[in-house]
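What follows is a short report on a single structure.
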Amino acid sequence: MDFELTEEQRAFAATARDFARAELAPHAAHWDAEGIFPREAIAKAGELGFCGLYAPESAGGLALPRLDATLVFEELAAVDPSTTAFITIHNMATWMLGTWAQPTVRDHWGPLLTTGEKLASYCLTEPGAGSDAASLKTRAELVGHEYVINGAKAFISGAGSTDVLVLMARTGDANSGAGGVSAFAVPADAQGISYGKKEEKMGWNSQPTRTISFDNVRIPADHLLGREGEGFKIAMKGLDGGRINIATCSVGAAQGALAQAQQYMQDRKQFGKPIASFQALQFKLADMATELVAARQMVRLAASKLDAGDPNASTYCAMAKRFATDAGFTVVNEALQLHGGYGYIREYPLERLLRDARVHQILEGTNEIMRVIIGRRMLDGDAPDVIR
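Note that the numbering used here numbers the sequence shown so that position 314 is 321, with each residue one more than the last.
What follows is the structure, encoded as structure tokens:
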């Protein structure tokens with residue numbers, strides 16, 4: 008077991024760190040305050056391969072291991088978790104399309120998405136189907152050589168500003184459950200698609216969130232991803248990686264906050280000396296660093312399990328998502344506390360990192376659902392010996 012990164016992995020991380028400092032850091036606060044979706048910056052990330060990190064090479068991607076992708080996402084999220092989170096969602100949707108699309112669809116969209124010239128949204132959640140994703144009601148009916156789609160999706164990142172939708176819709180009957188769900192690649196400007204108002208959110212303000220309505224939207228039959236009835240399986244495979252991605256965004260936000268706190272403790276003086284000299288605050292910094300390292304290693308373990316095709320990868324991904332998003336938020340919150348009143352004002356990035364990190368405990372499956380996934384697996388007879 009080797010915990011050290013290779014030279015190539017370190018180079019990926021360094022490239023991402025330099026990009027984040029040059030292209031994200033000077034603008035992140037402005038994008039947040041004004042609700043600006045930075046397509047130009049995302050396209051620049053695409054020029055470095057960051058929009059197709061683990062998409063297959065046949066789609067124009069780098070086909071990197073998920074572990075390597077976490078190194079990039081962490082560095083970006085240390086500066087701007089909101090924009091980075093969208094880039095991770097785009098990567099997930101691009102991987103799904105690149106892996107399961109028919110060759111004609113893959114060959115058209117793959118190079119556009121992996122370069123960041125075009126962007127993708129992932130459409131699973133519905134107004135009445137959040138944690139119970141298998142109960143979704145959006146329907147896709149095969150009529151001749153086309154699918155006709157009707158229904159609605161909610162809380163869709165990038166909606167209204169992206170170019171293709173990776174959509175989960177029911178092709179089976181109303182009682183078909185997970186087995187009646189199929190996946191599709193839907194052009195975002197197809198006739199019959201309409202977008203709701205841009206949601207006013209606590210964080211993640213550099214990416215728009217809207218509902219999407221589908222009214223007799225027609226797409227060619229070859230826009231089906233995989234086969235009919237495989238959509239829920241595809242969605243869950245996507246979410247295993249998505250949970251690692253969002254956990255990594257929390258690790259990145261915590262790393263950025265920790266660095267801010269360490270510097271502030273050395274600069275800030277009270278009672279005639281730097282607050283770094285107070286043992287109580289040293290203990291707080293020590294706990295923050297310990298929790299952060301533990302979260303990072305759990306995320307990397309889960310990524311390694313997913314890369315290796317481990318049969319328990321989904322459990323490890325759920326564990327990593329639950330632990331890292333909780334720990335990451337706590338570290339950011341403690342960093343804000345160490346800044347005192349300064350942490351609460353927008354001159355410092357702490358309040359933005361805090362607002363952006365909070366939603367990570369909700370999306371890609373709430374942390375309560377992560378506990379359900381983990382708990383059910385741990386009740387299997389072999390679990391205590393296998394899940395270690």
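Glycine is no exception: its CB is placed at the ideal position from the N, C-alpha and C atoms.
Is any heavy atom in the ligand HEM found nearer than 6 Å to the beta carbon of residue i?
i      : result
TYR154 : In the structure shown, the ligand HEM is absent, as is every other ligand, since no ligand is present at all.
Suppose the cutoff is 7 Å on Cβ atoms and the five residues either side in sequence are ignored; what does the same chain contact list for residue i look like?
i      : result
GLU298 : ALA334, THR337 and VAL338
PRO134 : ALA159 and ALA161
THR77  : ILE251, THR255, VAL306, ARG307 and ALA310
SER89  : ASP39, GLY210, TRP211, ASN212, SER213, GLN214 and ASP363
ARG365 : MET209, GLY210 and PHE336
ILE241 : MET103, TRP107, ALA190, LEU232 and GLY233
LEU55  : THR22 and PHE26
ARG24  : GLU82
GLN368 : THR332, ASP333, PHE336 and ASN374
Using a Cβ-Cβ cutoff of less than 8 Å, which residues in the same chain neighbour residue i once the five nearest sequence positions on both sides are dropped?
i      : result
VAL393 : ASN319
ALA36  : ARG353, PRO356 and ARG359
GLN270 : none
ALA48  : GLU30, LEU31, HIS34 and THR90
GLY388 : none
Could you check which residue in the options has the C-alpha nearest to that of residue i?
i      : options                           : result
ALA315 : GLY248, PHE290 and ASN340         : GLY248
VAL224 : GLY203, VAL258 and ASN157         : ASN157
ALA66  : TRP116, CYS324 and PRO45          : TRP116
MET243 : MET377, ASP87, GLN368 and ALA264  : MET377
ILE380 : GLN109, ARG329 and ASN212         : ARG329
LEU370 : ALA390, THR332, TYR351 and LEU83  : THR332
LEU361 : ALA325, ALA260 and PHE278         : ALA260
TYR61  : GLN16, THR111 and THR121          : THR121
LEU126 : ALA342, VAL155 and MET99          : MET99
ALA166 : GLU81, PHE44 and ALA48            : PHE44
ALA195 : SER164, GLY179 and GLY187         : SER164
ASP114 : GLU64, PHE80, ILE94 and GLY203    : GLU64
THR218 : GLY203, PHE290 and ALA52          : GLY203
GLY119 : PRO110, THR101 and ALA136         : Residue 119 is actually Leu in this sequence, not Gly. The residue with the shortest Cα to Cα distance from LEU119 is THR101.
LEU458 : GLN16, ARG383, LEU292 and GLN267  : Lying before the first or after the last residue shown, residue 458 is absent from the chain, which here runs from 8 to 395.
ARG184 : ALA197, ALA283 and ALA136         : Going by the sequence as given, residue 184 is Gly instead of Arg. Among ALA197, ALA283 and ALA136, the Cα nearest to that of GLY184 belongs to ALA136.
GLU153 : GLN344, LEU12 and PRO227          : PRO227
VAL258 : PHE57, ALA50 and ASP87            : ASP87
ARG384 : GLY372, ALA266 and ALA325         : ALA325
THR178 : GLU206, GLU148 and LYS205         : GLU148
ASP317 : GLN289, ARG395, ASP274 and TYR351 : ARG395
ALA301 : GLN289, ALA327 and PHE278         : ALA327
ALA266 : MET295, GLY279 and ASP222         : MET295
GLY53  : ILE94, PHE19, GLY382 and GLN262   : ILE94
GLY42  : SER201, TYR351 and GLU206         : GLU206
VAL79  : LEU12, SER201 and GLY348          : LEU12
VAL188 : SER321, LYS144, GLY123 and PHE57  : LYS144
Assuming the contact rule is C-beta atoms closer than 8 Å, residue i and residue j should be a hit. Round their C-beta distance to whole Å, please.
i      : j      : result
ALA40  : ALA85  : ALA40 to ALA85, Cβ: 19 Å. No contact.
GLY59  : LEU69  : 6 Å
THR169 : SER128 : 4 Å
GLY186 : GLY236 : 6 Å
ALA342 : ALA264 : 4 Å
ALA108 : ARG146 : That belief does not hold up - the Cβ atoms of ALA108 and ARG146 are roughly 21 Å apart, past 8 Å.
VAL112 : ASP229 : 6 Å
PHE239 : ALA141 : 6 Å
LEU345 : LYS291 : 7 Å
ALA283 : MET272 : 4 Å
VAL173 : ALA192 : 6 Å
ALA20  : GLY123 : No, ALA20 and GLY123 are not in contact; Cβ-Cβ is about 20 Å, not under 8 Å.
For the beta strand (DSSP E) that residue i lies in, which residues bound it at each end?
i      : result
ASN157 : 153 to 164
TYR61  : Run containing TYR61: none; DSSP gives neither H nor E here.
ARG177 : 171 to 177
VAL150 : 146 to 150
Just to confirm the assignment, what range does the alpha helix (DSSP H) spanning residue i have?
i      : result
ARG73  : 73 to 84
GLU341 : 320 to 345
PHE290 : 286 to 314
GLY382 : 374 to 385
ASP392 : 390 to 393
ASP363 : 357 to 365
So, for residue i: in the same chain, excluding its five sequence neighbours on each side, which residues have a beta-carbon less than 6 Å away from its beta-carbon?
i      : result
TYR323 : ALA309 and LYS312
ILE96  : TYR129 and SER164
ALA132 : Note that residue 132 corresponds to Thr in the displayed sequence, not to Ala. Result list for THR132: ALA161 and PHE162, in chain order.
ALA268 : ALA342 and LEU345
ARG303 : VAL258
PRO427 : Nothing can be reported for residue 427: it is not among the residues displayed for the chain, which extend from 8 to 395.
GLN262 : ALA85
Counting only runs that start and end within the region 187 to 261, where is the alpha helix (DSSP H) found for 4 or more residues in a row? none
Which parts of the region 81 to 150 are runs of the alpha helix (DSSP H), unbroken and 4 residues or longer, counting only runs that do not cross its ends? 88 to 107 and 110 to 121
For a minimum of 4 consecutive residues, which ranges assigned as the alpha helix (DSSP H) are wholly contained in the region 23 to 53? 35 to 41
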